[in-house]
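The block underneath contains the structure these notes are about, expressed in structure tokens.
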Ligand code: RIB
Ligand code: CA
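In the numbering used here, the protein residues as written are 200 to 521.
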């Protein structure tokens, strides 16, 4: 039976790849997509999501979510992240990691009338069977839904989060972007009582995607596979410039790794069930503090320390052949 999922996105280029993988793969039943601000303001993450739906000629419902974080930056920016999503080509022209999305045709698609947190509560309180929630942006929508109705957890089979960091960070010296952007929301989700699997940067960077992979996608030759190849090649440019991986000319395609895990759990390696807490202030704001002691309490997260790049690239590319 295909895994029923709700996908929560802040559509940027890797979110777009997660949406495409979830929609195209036979083992996933994409029930709905919820949008949140993150990579871009909500207006653009929602528009980008609708553009990807158009590209796929899909009809999954899109629910617009939260334009801001729970409490962060209400008064002042606490710590401004280091911009590392931009690169510059040989001529010095700026390249933005999500640039390709801006070049897609504007969508005339509509979002649903209900907002994302209300959708979570309404759907999950009436679902006939548990659903997996995959969150690949800041966790604000899910946190608001949990505040409104904690009992939605009863119908959540698992929450899979792209977020967090052990050794590799990107937003600040201590934090990964999705958690950093709304640390209070993340802390609330990590303690909601559902099964939680966290796919941090340490996993996404070791499950890297290469130019050979984008070349294979180009050979498939569909509009979706060609667009995915463009996104990957652009991300490789930015990673080489701003966030170089151990293997040169590769990129971390963060978000679809959560979907690949639902298709084949072996794509995540060295997964440890441990206590994970989110730092909410000071220099480490947004840091995922992962308890590695043999004797520890409050274990709440299955934290993946590594990803398998051969298996991930195979799962991702094969989905575009269908
Ligand atoms: O830190 C990487 C995460 O932040 C990815 O989900 C990316 O899309 C951004 O949301
Ligand atoms: Ca994302």
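Don't be surprised by glycine CBs; every beta carbon is placed ideally from N, CA and C.
(message) Rounding to the nearest angstrom, what Cα-Cα distance links residue 346 and residue 254 in this structure?
(response) Position 147 of the chain shown, counted from the start, is the residue given in the question as residue 346. Position 55 of the chain shown, counted from the start, is the residue given in the question as residue 254. Their backbone Cα atoms lie some 35 angstroms apart in a straight line.
(message) For the alpha helix (DSSP H) containing residue 253, name the first residue and the last one.
(response) Taking the first residue of the chain shown as 1, we reach residue 253 at position 54. 241-255 is the span of the alpha helix (DSSP H), which, as asked, contains residue 253.
(request) Would you decide whether residue 157 is buried or exposed? Buried here means 16 or more other CB atoms lie within 10 Å of its CB. (result) Here the chain covers residues 200 to 521 and nothing more, so residue 157 does not appear.
(request) When you get a sec, list the residues whose CB is within less than 7 angstroms of any heavy atom of ligand 2, chain order please. (result) 208, 209, 211, 213, 214, 237, 238, 335, 336, 361, 377, 453 and 454
(request) Flag this pair as yes or no: are the beta carbons of residue 452 and residue 406 separated by less than 9 angstroms? (result) Walking along the chain shown from the start, residue 452 turns up at place 253. Walking along the chain shown from the start, residue 406 turns up at place 207. Taking 9 angstroms as the Cβ cut-off, residue 452 and residue 406 qualify as a contacting pair.
(message) Please state whether the Cβ-Cβ distance between residue 501 and residue 435 is less than 9 angstroms.
(response) What you label residue 501 is simply residue 302 of the chain shown in a count that begins at 1. What you label residue 435 is simply residue 236 of the chain shown in a count that begins at 1. No; because the gap between Cβ atoms is not below 9 angstroms, this pair is not in contact.
(request) Can you tell me which of the three DSSP states residue 185 falls into? (result) The structure shown has nothing for residue 185, since the chain only spans 200 to 521.
(message) So, with DSSP's three-state summary, where would you put residue 219?
(response) Within the chain shown, numbered from 1, the residue matching residue 219 stands at position 20. In this structure, residue 219 counts as helix in the three-state DSSP scheme.
(request) Would you please state the rounded distance, in angstroms, between the beta carbons of residue 455 and residue 213? I believe it to be under 8 angstroms. (result) In the chain shown, counting from the first residue as 1, residue 455 sits at position 256. In the chain shown, counting from the first residue as 1, residue 213 sits at position 14. Their Cβ separation, rounded to whole angstroms, is 7 angstroms, which keeps residue 455 and residue 213 in contact under 8 angstroms.
(request) Can you give me the start and stop residues for the alpha helix (DSSP H) that residue 328 sits inside? (result) By one-based count along the chain shown, residue 328 stands at place 129. Element bounds for residue 328: n/a, residue is neither H nor E.
(request) With residue 524 as the anchor, note down where its alpha helix (DSSP H) starts and where it stops. (result) With the chain covering only 200 through 521, there is no way to say anything about residue 524.
(request) Flag residue 499 as yes when its Cβ comes closer than 8 angstroms to any non-hydrogen atom of ligand 1, and as no otherwise. (result) By one-based count along the chain shown, residue 499 stands at place 300. No, since every heavy atom of ligand 1 falls outside the 8 angstroms radius drawn around the Cβ of residue 499.
(request) Could you tell me the boundaries of the alpha helix (DSSP H) in which residue 379 lies? (result) Your numbering for residue 379 matches position 180 in the chain shown. Residue 379 -> alpha helix (DSSP H) spans 376-380.
(message) Please determine whether the Cβ atom of residue 247 lies at a distance below 8 angstroms from any heavy atom of ligand 1.
(response) Here residue 247 corresponds to residue number 48 of the chain shown, with the count starting at 1. No, since every heavy atom of ligand 1 falls outside the 8 angstroms radius drawn around the Cβ of residue 247.
(message) Going by beta-carbon coordinates alone, are residue 380 and residue 308 separated by less than 9 angstroms?
(response) Counting from 1 along the chain shown, the entry for residue 380 is found at position 181. Counting from 1 along the chain shown, the entry for residue 308 is found at position 109. No, Cβ-Cβ distance for residue 380 and residue 308 is not below 9 angstroms.
(request) Give the C-beta separation of residue 457 and residue 359 to the nearest angstrom, bearing in mind that I take them to be a contact with Cβ-Cβ under 8 angstroms. (result) On the chain shown, position 258 is the one that residue 457 refers to. On the chain shown, position 160 is the one that residue 359 refers to. Right, the Cβ-Cβ distance comes to about 5 angstroms (below 8 angstroms), so this counts as a contact.
(request) Compute every distance between the C-beta of residue 375 and the non-hydrogen atoms of ligand 1, then say whether any falls below 8 angstroms. (result) Locating residue 375 in the chain shown gives position 176, counting from the first residue. True, at least one ligand heavy atom lies under 8 angstroms from that Cβ.
(request) Could you spell out the range, first to last residue, of the beta strand (DSSP E) harbouring residue 493? (result) For the purposes of this step, residue 493 is identified with residue 294 of the chain shown, where counting begins at 1. That residue, residue 493, is in no beta strand (DSSP E); it is neither H nor E in DSSP.
(request) Can you tell me which of 289, 516 and 478 puts its alpha carbon nearest to the alpha carbon of residue 418? (result) Mapped onto the chain shown, residue 418 falls at position 219. When only C-alpha atoms are compared, the closest one is 516.
(message) Given this structure, state the Cα-to-Cα distance separating residue 425 from residue 481, to the nearest angstrom.
(response) The sequence position of residue 425 within the chain shown is 226, counting from 1. The sequence position of residue 481 within the chain shown is 282, counting from 1. So the two alpha carbons sit approximately 43 angstroms from each other.
(message) Can you determine whether any heavy atom of ligand 1 sits closer than 8 angstroms to the C-beta of residue 241, and answer yes or no?
(response) Counting from 1 along the chain shown, the entry for residue 241 is found at position 42. The answer is no for residue 241.
(message) In this structure, how does DSSP classify residue 322 when only helix, strand and coil are distinguished?
(response) Indexing the chain shown from 1 puts residue 322 at position 123. Residue 322 falls in the helix class under three-state DSSP.
(request) Would you kindly check if the distance between the Cβ of residue 234 and the Cβ of residue 305 is under 9 angstroms? (result) To locate residue 305, count along the chain shown from 1; it is residue 106. To locate residue 234, count along the chain shown from 1; it is residue 35. Against a cut-off of 9 angstroms, the Cβ pair of residue 234 and residue 305 comes out as no contact.
(request) Could you pull the start and end residues of the beta strand (DSSP E) that residue 458 belongs to? (result) Translated into the one-based positions of the chain shown, residue 458 becomes position 259. Residue 458 -> not in any beta strand (DSSP E); alpha helix (DSSP H) instead, spanning 455-462.
(message) Considering Cα atoms alone, identify which of 459, 503, 488 and 465 is closest to residue 472.
(response) As a working note, residue 472 is residue 273 in the chain shown. Here the closest residue by C-alpha is 503.
(message) Between residue 286 and ligand 1, is there a pair consisting of the residue's CB and a ligand heavy atom that are separated by less than 8 angstroms?
(response) Walking along the chain shown from the start, residue 286 turns up at place 87. Not under cutoff, so the answer is no.
(message) For chain B, check one thing: does any of its Cβ atoms lie closer than 9 angstroms to the Cβ of residue 436?
(response) Judged by its chain identifiers, the structure shown contains no chain B, having just a single protein chain.
(request) Check whether the Cβ atoms of residue 311 and residue 262 lie closer than 9 angstroms to each other. (result) Counting from one through the chain shown, the residue named residue 311 turns up at place 112. Counting from one through the chain shown, the residue named residue 262 turns up at place 63. Going by C-beta atoms, residue 311 is nearer than 9 angstroms to residue 262.
(message) Looking at ligand 1, does it come within less than 8 angstroms of residue 400, judged from the CB to the closest heavy atom?
(response) As a first step, residue 400 must be located in the chain shown, where it is residue number 201. Yes, Cβ of residue 400 sits closer than 8 angstroms to a heavy atom of ligand 1.
(request) State yes or no: is the C-beta of residue 511 within less than 9 angstroms of the C-beta of residue 466? (result) As a working mapping, residue 511 is identified with position 312 in the chain shown. As a working mapping, residue 466 is identified with position 267 in the chain shown. It is a contact, given that the beta carbons lie within the stated cut-off.
(message) Once DSSP output is grouped into helix, strand and coil, what is the label at residue 471?
(response) Locating residue 471 in the chain shown gives position 272, where the first residue counts as 1. Strand.
(request) Pull up the CB-CB distance for residue 330 and residue 355, whole angstroms please, since I reckon it's below 8 angstroms. (result) Here residue 330 corresponds to residue number 131 of the chain shown, with the count starting at 1. Here residue 355 corresponds to residue number 156 of the chain shown, with the count starting at 1. Confirmed, Cβ separation roughly 7 angstroms.
(message) Please give me, in chain order, every unbroken run of the beta strand (DSSP E) with length at least 3 that falls completely inside the segment 342-372.
(response) 355-361
(message) For the alpha helix (DSSP H) containing residue 404, name the first residue and the last one.
(response) Translated into positions along the chain shown, residue 404 becomes position 205. Where residue 404 is concerned, the enclosing alpha helix (DSSP H) stretches over 400-405.
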